[in-house]
Amino acid sequence: MFEIEEDWDLVDEFQNGDEVPEESAKKTKWNSKDCTLFVIDCSPSMLEPNENKEIPEETKNPGNLDNIYVLQNLESPDATNIKLIENLVNNFDKLRSTVTPSKTELPLGNVFWACSSVLSSWSGINVSSKKIMLITNEDNPNRGNGVLQKAAKTRAKDLYDAQVEIELINLDKQGGKFNSSLFYKDILPDLEENCDISQTSNHFEKLLTRIKRKEARCRSVFTTLLKITNGLEIGIRGYALVGNQQKGSYRLVYMKSETPQQVKAITHWLCADTTQILQQSDLKFYYEYGGDKVVFTKEEIVNMKKFGEPALGLQILGFKPRDRLKFHQNMTHSLFIYPDETVGLLNLAFLQPCMLTVFDYKQYTGSTSVFTAFLLKMCEMDQVAICSFIPRKNTAPRLVAMLPQVEDIFVYLEFKDELGQKAPPGFHLIPLPFADDLRPVSVKSEERASESDIDAAKQIVSKLLIKQGFHPKNYSNPALQRHYMSLQAIALERDIEEAPIDCTLPDVHMIHEEAGDAVQMFKQALGVDDFNEPPQSLPPKRRVIFKGLAPNNSEKQNKRAKTDGGDSQSVESLYQQGKLLKTDLLEYLESIGIHGKGTKPQLIEQIENYFKLLE
């Protein structure tokens with residue numbers, strides 16, 4: 001189980017810096033938990049039994065069902081549980097003594113029933129999602145027994161109706177591929193999305209990578225209504241497909257008590273004259289207008305930002321041709337909307353989860369059909385919709401362009417009849433600027449490079465293209481990876497490992513092999529022998545200074561700038577004689593990849609530290 005702090009920061013970026021009232025912020029920010037239950041098939045094909053000695057089969061589950069063993073109950077992971085799992089992995093004999101393959105076939109319906117019991121027995125209420133990750137290499141469980149297969153399908157449907165998602169991690173058997181069409185296609189909706197058929201692998205590292213990626217859930221950031229016209233409303237759910245991943249917020253802990261306790265911050269406002277504590281009713285707000293202070297109460301500030309209940313949601317104002325939408329009109333990252341027929345259910349589940357019943361929500365039946373027809377028609381007419389977007393109460397409206405996107409699918413190379421999804425169908429909400437957001441920009445004309453220089457640069461670009469294309473999932477943030485590795489090492493009382501491999505750094509060896517000749521031709525076209533040297537158009541004084549300071553592989557590496565008399569002098573001595581300008585120092589630091597800032601002595605120190613590293 002994983003705890004996630006939900007917030008509306010992604011949606012708040014649409015508000016153009018408007019402050020969110022404190023009450024609204026409290027209602028739209030909470031801690032929720034993802035419940036993930038790992039179900040591992042321990043059949044003989046997955047785990048061969050020990051033939052040297054008999055091991056008793058053990059049962060441990062809420063319903064005392066045969067051959068089902070619950071190793072750990074559903075709870076937040078801690079260091080003790082993690083170490084227990086690692087000990088089982090490292091001690092295979094102990095693992096086989098705990099989970100012994102059964103000689104009789106296990107009904108898959110009993111597995112789903114036990115999963116339902118474990119998930120329902122958890123007493124937490126702030127649950128945003130429930131997921132079962134089923135790891136198996138049996139593509140047709142209970143084969144030949146139609147009664148057991150029908151019972152398993154019924155149990156799976158019950159889980160689906162209870163908002164429990166089932167993820168299939170399929171493995172290959174020896175001598176055969178996993179065929180999902182035999183059984184699992186009937187119980188798992190959207191199997192092509194949840195099951196990466198082309199990535200089936202028995203390699204542990206690859207399997208672990210697949211599981212970690214499936215754990216990263218694409219979380220919705222809002223649920224609201226799309227108002228197409230008067231009387232026609234459908235439910236939608238919004239997602240942030242791309243966002244800047246941040247480190248988790250830290251917590252202050254008081255360690256001097258018997259048990260560590262989290263510190264809670266409490267703010268009190270004091271009167272500057274009487275030093276008495278002020279209540280919320282004593283506080284007022286003001287705006288300066290015409291030199292005067294116009295005072296408002298807190299309730300008046302909240303009412304000023306209300307635009308009426310009917311305006312809440314996504315309201316279509318009109319349509320424009322797609323080519324009228326310009327790239328520079330995008331104010332910030334877009335959001336992606338998808339149909340949802342249970343908008344009312346989710347809102348009640350967040351606000352009053354304990355009181356939720358089957359009669360507590362209004363279901364927008366048919367939202368998917370209307371959404372699909374609307375999407376296809378807009379794509380056919382090549383139009384975009386201009387909408388007013390108010391994600392929640394007490395927020396200012398935002399103009400957005402609703403850009404349609406059709407589903408992009410591909411065919412697996414190994415399975416010609418199986419399809420995968422590259423991009424989902426839906427609409428992108430692109431925030432548009434208001435008239436107040438537009439600024440005039442004076443663009444200065446600069447000297448263009450010659451056609452020969454441009455052609456030489458094109459050769460470098462053409463040789464360094466990524467043949468398979470750029471996929472962000474292949475490049476992890478090294479700072480975040482280092483942060484997570486440190487937290488894991490501290491929690492498990494281990495030594496902090498070395499920094500992870502930074503895949504964002506250029507592969508110099510590969511660049512030299514692929515584009516080495518093109519780089520030499522580009523340097524010759526520019527008329528420079530070393531990119532650390534300035535072009536020939538620089539003044540003679542600056543060229544002498546940079547030529548002496550630029551590091552290279554020749555004997556000049558251990559030298560400094562030279563004066564006209566040829567005496568070797570340090571950068572510091574040149575500075576003391578007044579022969580160096582601050583602009584010279586900044587330009588040189590930029591040429592060696594250092595962002596220079598500060599006074600001239602600080603710039604001198606940065607350059608000398610750079611040469612010390614070279615020595």
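Positions 1 to 615 (the UniProt record's numbering) are the ones given, in order, by the sequence shown.
We put the CB at the ideal spot given by N, CA and C, even for glycine.
Task: Per-residue DSSP class, three states only, for Ala449 - done: Secondary structure of Ala449 (DSSP, three-state): coil.
Task: Local Cβ density within 10 Å of Met304, reported as buried at 16 or more and exposed below that - done: exposed
- [ ] Check Gln276 in the structure and name its three-state DSSP category.
- [x] coil
Open item on the list: Any contact between the region 458 to 465 and the region 432 to 445? By contact I mean 3 or more CB pairs, one from each, below 8 Å.
Closed with: No, because fewer than three Cβ pairs between the region 458 to 465 and the region 432 to 445 fall closer than 8 Å, the two stretches do not touch.
TODO: Give the single residue among Leu480, Ser388, Glu341 and Phe336 whose Cα lies nearest to the Cα of residue 620.
DONE: This structure leaves residue 620 out entirely; the chain is present only between 1 and 615.
TODO: Please look up how many angstroms separate the CB atoms of Asn110 and Asp139, rounded, as I've assumed it's under 8 Å.
DONE: Contact doesn't hold; Cβ gap of about 19 Å is too wide.
Task: Spatial distance of Val127 from Asp502 (CA atoms) - done: Their backbone Cα atoms lie some 35 Å apart in a straight line.
Open item on the list: Just to confirm before moving on: does the CB-CB distance between Lys377 and Gly313 stay below 8 Å?
Closed with: No, these two residues do not count as a Cβ contact at 8 Å.
- [ ] Report the option in Ile301, Glu447 and His268 whose CA atom is closest to the CA atom of Lys284.
- [x] Ile301
Task: Test item: CB-CB of Met510 and Pro431 under 8 Å - done: no
TODO: Would you mind giving the Cβ-Cβ distance between Glu341 and Ser367, rounded to the nearest angstrom? I have them listed as a contact below 8 Å.
DONE: 5 Å
Task: Cutoff 8 Å; reference Leu480; Cβ partners in own chain excluding five residues on either side - done: Gln245 and Lys247
TODO: Let me know if Lys130 comes out buried or exposed under the rule of 16 or more other beta-carbons within 10 Å of its beta-carbon.
DONE: buried
- [ ] Mind checking which residues open and close the alpha helix (DSSP H) that includes Pro478?
- [x] Pro478 to Ala491
- [ ] Kindly identify the DSSP beta-bridge partner or partners of Gln383.
- [x] Pro321
Open item on the list: Please give me, in chain order, every unbroken run of the alpha helix (DSSP H) with length at least 4 that falls completely inside the region 105 to 129.
Closed with: Runs of the alpha helix (DSSP H) inside the region 105 to 129: 108 to 121.
Task: Residue environment, Ala152, which counts as buried when at least 16 other CB atoms sit within 10 Å - done: With 16 or more other Cβ atoms from the protein chains shown falling within 10 Å of its own Cβ, Ala152 counts as buried.
Open item on the list: Buried or exposed, going by whether 16 or more other CB atoms sit within 10 Å of the CB of Trp113?
Closed with: Trp113 is buried by the Cβ-count criterion.
Open item on the list: Please classify Thr104 as buried or exposed, where buried requires at least 16 neighbouring CB atoms within 10 angstroms.
Closed with: For Thr104, the number of other beta carbons within 10 angstroms of its own is below 16, and it is reported as exposed.
TODO: Tell me whether Pro404 sits in a helix, a strand or coil according to DSSP, three-state version.
DONE: strand
Open item on the list: I'd like to know whether the C-beta atoms of Phe371 and Met402 end up nearer to each other than 8 Å.
Closed with: no
Open item on the list: Rounded to the nearest angstrom, what separates Gln606 and Leu492 at their Cα positions?
Closed with: 39 Å
Task: Reference Arg322, options Cys379, Tyr338 and Ser388, closest by Cα - done: Cys379
Open item on the list: Taking the straight line between their C-alpha atoms, what separation do you get for Lys523 and Ser452?
Closed with: Across the structure, Lys523 and Ser452 are spaced so that their CA atoms are roughly 12 Å apart.
Open item on the list: Can you look up Asn50 in the DSSP assignment and give me helix, strand or coil?
Closed with: Legend: pLDDT at Asn50 = 40, less than 50; position of this residue unreliable, value from coordinates given subsequently. In the structure shown, Asn50 sits in coil (DSSP, three-state: anything other than H, G, I, E or B).
Open item on the list: By DSSP's criteria, Glu288 is part of a beta bridge. Which residues make up the other side?
Closed with: Lys293
Task: Cα-Cα separation between Pro601 and Pro500, rounded to whole angstroms - done: 35 Å
TODO: Could you give the DSSP three-state label for residue 624: helix, strand or coil?
DONE: Shown here, the chain extends from 1 to 615; a query on residue 624 therefore has no answer.
TODO: Measure the Cβ-Cβ separation of Val400 and Phe319 and say whether it is below 8 Å.
DONE: no
Task: N- and C-terminal bounds of the alpha helix (DSSP H) containing Arg155 - done: Segment Gly146 to Asp161, the alpha helix (DSSP H) holding Arg155.
TODO: Return the Cβ separation of Val242 and His333 in integer angstroms, given the expectation that the two are a contact with Cβ distance under 8 Å.
DONE: That pair is a contact at about 6 Å.
Open item on the list: Taking the alpha-carbon of Lys264 as reference, which of Lys173, Glu258 and Leu252 has the nearest alpha-carbon?
Closed with: Leu252
- [ ] Leaving aside the five residues before and after Thr365 along the sequence, list all residues of the same chain whose C-beta is less than 8 Å from its C-beta, in chain order.
- [x] Glu341
Open item on the list: If I follow the unbroken alpha helix (DSSP H) through Gly516, where does it start and stop?
Closed with: Val508 to Leu526
- [ ] Measuring alpha carbon to alpha carbon, tell me which of Gly235, Met133 and His483 ends up nearest Val164.
- [x] Met133
TODO: Note down the Cα distance separating Tyr287 from Phe296, rounded to an integer number of angstroms.
DONE: Their Cα atoms are separated by approximately 8 Å.
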